[in-house]
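Notes to accompany the following structure.
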Ligand code: GRF
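Numbering (my numbering), first residue to last: 71 to 285.
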């Protein structure tokens, strides 16, 4: 993990997306230097994955009794200290304050488990099933202060099968996330993909909608 932008990953959960990023960075197929992993939960599996990979693991514990604003300020201060060139949200379950988002314009990415702009927010699998949608998936997008609303870069889309439930949908979508997230991060890390004028651009072309990979 030697070349590319100094990258900090934020994660709250088990960290399977983080693992996909670590694996590709190690193989040399993803051009980033993974500088640190930060979590809001001391017990997050993502932290153990970071330590196993020899990556600095840091916590801003949002459940330690401090007011929310103090936690947000501590997170912002930690990020400024770590000074990443690229910030990757990989299952980070906190809404970042606007001043933190605005500090990395076009340098902060998120992956959201829906075909944005459908279903920003939580419970996306449940909502897609309840709506009777034909497809579901996940979207990599640039982060802007509005929740799950930044310009989309790359989507993974699967057909919803009869008999699918939240768990089966989540399993198939997550497998696709492990493909599209390192891919899109690589595009941004190498400068192929940028955010300008409220849109994502890839190889100089404006993306009116995210590129789509069908699973
Ligand atoms: C993924 O479903 C991602 O779309 C969402 O959070 C989940 C993270 O999973 N933002 P993992 O911790 O990477 O396994």
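A virtual CB, placed ideally from N, CA and C, is assigned to each residue, including glycine.
Note that the structure is a prediction, hence the values are computed from the model and not measured.
### Query
Secondary structure at residue 118, three-state DSSP: helix, strand or coil?
Counting from one through the chain shown, the residue named residue 118 turns up at place 48. Look at residue 118 here: in three-state DSSP terms it is helix.
### Query
Is it a yes or a no for the segment 167-179 touching the segment 193-213, going by three-plus beta-carbon pairs under 8 Å?
With the cut-off at 8 Å, the segment 167-179 and the segment 193-213 touch.
### Query
Does the Cβ of residue 188 lie closer than 8 Å to at least one heavy atom of the ligand GRF?
Working through the chain shown from its first residue, we reach residue 188 at position 118. Residue side-chain check: residue 188 keeps its Cβ at 8 Å or more from all non-hydrogen atoms of the ligand GRF.
### Completely contained alpha helix (DSSP H) runs for the segment 92-144, where each covers 4 or more residues
Within the segment 92-144, the complete alpha helix (DSSP H) segments of 4 residues or longer fall at 115-122, listed in chain order.
### Query
Ordered along the chain, which non-local residues of its own chain (more than five positions away) have a Cβ less than 6 Å from that of residue 89?
By one-based count along the chain shown, residue 89 stands at place 19. Counting only Cβ-Cβ distances below 6 Å, and skipping sequence neighbours, we find 119.
### Query
Where do the N-terminal and C-terminal ends of the beta strand (DSSP E) with residue 250 fall, by residue?
Taking the first residue of the chain shown as position 1, residue 250 is located at position 180. Going by DSSP, residue 250 is part of no beta strand (DSSP E) but of the alpha helix (DSSP H) stretching over 236-259.
### Query
What residue from 195, 128 and 206 has the CA that sits closest to residue 145's CA?
Mapped onto the chain shown, residue 145 falls at position 75. Selected option, being the one with the closest Cα: 128.
### Query
Taking C-alpha atoms, which residue in 80, 91, 96 and 101 lies nearest to residue 130?
Here residue 130 refers to the residue found at position 60 when the chain shown is read from its first residue. Comparing C-alpha distances from residue 130 to each of 80, 91, 96 and 101 shows the shortest one belongs to 80.
### Message
Are there any heavy atoms of the ligand GRF lying less than 8 Å away from the beta-carbon of residue 182, as far as the coordinates show?
### Response
As a first step, residue 182 is located in the chain shown; it is residue number 112 there, counting from the start. Yes, since a heavy atom of the ligand GRF falls inside the 8 Å radius drawn around the Cβ of residue 182.
### Task
Compute every distance between the C-beta of residue 277 and the non-hydrogen atoms of the ligand GRF, then say whether any falls below 8 Å.
Counting from one through the chain shown, the residue named residue 277 turns up at place 207. The nearest non-hydrogen atom of the ligand GRF is 8 Å or more from the C-beta of residue 277.
### Query
Candidates 98, 197 and 103: which alpha carbon is nearest residue 125's?
In the chain shown, counting from the first residue as 1, residue 125 sits at position 55. From the listed residues 98, 197 and 103, the smallest Cα separation to residue 125 is found for 103.
### Query
Can you check whether the CB of residue 87 is closer than 9 Å to the CB of residue 236?
Locating residue 236 in the chain shown gives position 166, counting from the first residue. Locating residue 87 in the chain shown gives position 17, counting from the first residue. For the pair residue 236 and residue 87, the CB atoms are not nearer than the 9 Å cut-off.
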